[in-house]
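Position one of the sequence shown corresponds to residue 15 (my numbering), numbered consecutively onward. A short worksheet on the structure shown next.
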Amino acid sequence: MFILSVLSGYIAVFAKAQIGGALHWTNILITATAQALLVGAWCGVENMEDV
15 MFILSVLSGY IAVFAKAQIG GALHWTNILI TATAQALLVG AWCGVENMED V
């Protein structure tokens, strides 16, 4: 999901997504989802050895 978030950011930049446009909001949604999954995975780890 992190890779998808980074790719989404690059696509939004290279496509010159306008603030408030559909591509801009899609990028925000993908990035927020990736960050939420990352935080959820990090908080779900009880021991560093599990990582």
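Cβ atoms here follow ideal geometry from the backbone N, Cα and C, with glycine treated the same way.
For residue j and residue i, believed in contact at Cβ under 8 Å, the rounded distance
| i | j | result |
| --- | --- | --- |
| residue 21 | residue 48 | Contact flag wrong, Cβ pair sits at about 11 Å. |
| residue 16 | residue 52 | 7 Å |
Exercise for review: Quick one: which unbroken alpha helix (DSSP H) runs of 4-plus residues sit fully inside the segment 25-65? Chain order, please.
Suggested key: 36-58
Review point. Would you call the segment 23-43 and the segment 51-60 in contact, with 3 or more CB pairs under 8 Å?
Key: no
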